[in-house]
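Input: a single structure, listed below in structure tokens.
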Amino acid sequence: MQQSSCEAQKNQAQDFLCPTNEYNDIRKVIAVLSGKGGVGKSMVTSLLSVMMRRKGFKVGILDADITGPSIPKMFGINGRAGGNENGLFPKSSHNDIKVMSVNLLLDQADAPVIWRGPLIANTVKQFWTDVLWGDLDYLFIDMPPGTGDIPLTVFQSIPLDGIIIVTSPQDLVSLIVKKAYNMAKAMNIPILGLVENMSYIQCPDCGKQIEVFGKSNLDDIAREMGLDVLARLPIDPQISFLSDQGEIEKYSTQHLDTCINKIENQLEGVESK
Ligand code: ADP
């Protein structure tokens, strides 16, 4: 029987999947993406990882945001990653979250990465194939921003179990969510839901929530696409303070509880790819 073009596309997408290192046992892989930089994708990746770790899970973060890597700094991780003939060692945070980032491979962490797309995509793939992650319950991937070529290659080469889309109210939310949605559909990867970052600020005196970027239309878009809004995070000076200090693991929030529960519940019992 002839395959529909959609089925053919799905099968083709699976053909590019790379196996991880033979020494790794990684149970669930979750990609966090956004339409553009600066909306808080790395922040959400870090906070989800911190919360999962607090629940006792073994967690790693693959920093695929090669041109704007910020994960090591948020966790206060410095220096170069080592390795042996079997692969590269990730570095561990204060609370033992394993991290691999291009920043941990450069001579100077502040050196710019001026690489072309294929090299960037290849580096991300190697973070999957050549890093000795060991035994992990969850590996979060801080994706390169956007829905272009590089994220697409990452989608095709790493077997993802779920995707979380981070937006902010001033983002071109509708377009971004639709692009990410179509990309995930074509690859047959479930979208776990949407997280809106920098949704509002909360007045420290009266508790009123002020929507600095105006009213968000995320709920309408989510309804239209059949997706869940899993969290709305306020602009919180404590977040930027702690991440600048390399102490993001000290941050505590209940805003991401639904998101964490959804990850656990939806992926529980799902056979890994
Ligand atoms: P992206 O990964 O989307 O480029 P980041 O996660 O690096 O964005 O966030 C960009 C900046 O905004 C960082 O300096 C971060 O500390 C800050 N930031 C992100 N989310 C919040 C928030 N909810 N409240 C305060 N500052 C935030």
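Counting from 1 along the sequence shown, just add 1 to a position and that's the residue number in my numbering. C-beta atoms are modelled at their ideal positions from N, C-alpha and C, and glycine is treated no differently.
In the DSSP assignment, the residues bridged to Val132 are Leu89. By the Cβ test, the segment 179 to 193 is not in contact with the segment 100 to 120, since fewer than three Cβ pairs between them sit closer than 8 angstroms.
By the 16-neighbour rule on beta-carbons within 10 angstroms, Asn198 is buried.
Of Tyr201, Asp162 and Glu23, the smallest CA-CA separation from Asn87 is found for Glu23.
Relative to the ligand ADP, the nearest heavy atom lies less than 8 angstroms away from the CB of Leu234. For the pair of segments examined, the segment 250 to 264 was found to touch the segment 46 to 62: the number of CB pairs separated by less than 8 angstroms reaches three.
Taking the Cβ atoms as the reference, Gly163 lies roughly 6 angstroms from Leu268, within the contact range of under 8 angstroms. Sorting Leu161, Cys207 and Trp129 by C-alpha distance to the C-alpha of Ile190 places Leu161 at the top. The C-alpha of Val230 lies about 31 angstroms from the C-alpha of Ser93.
By the Cβ rule, the segment 72 to 88 does not count as touching the segment 111 to 123, because fewer than three pairs are nearer than 8 angstroms. Following the DSSP letters along the chain, one finds Lys186 inside the alpha helix (DSSP H) bounded by residues Val174 to Met188. With a contact defined as Cβ atoms closer than 8 angstroms, Leu49 and Ile192 miss out at about 15 angstroms.
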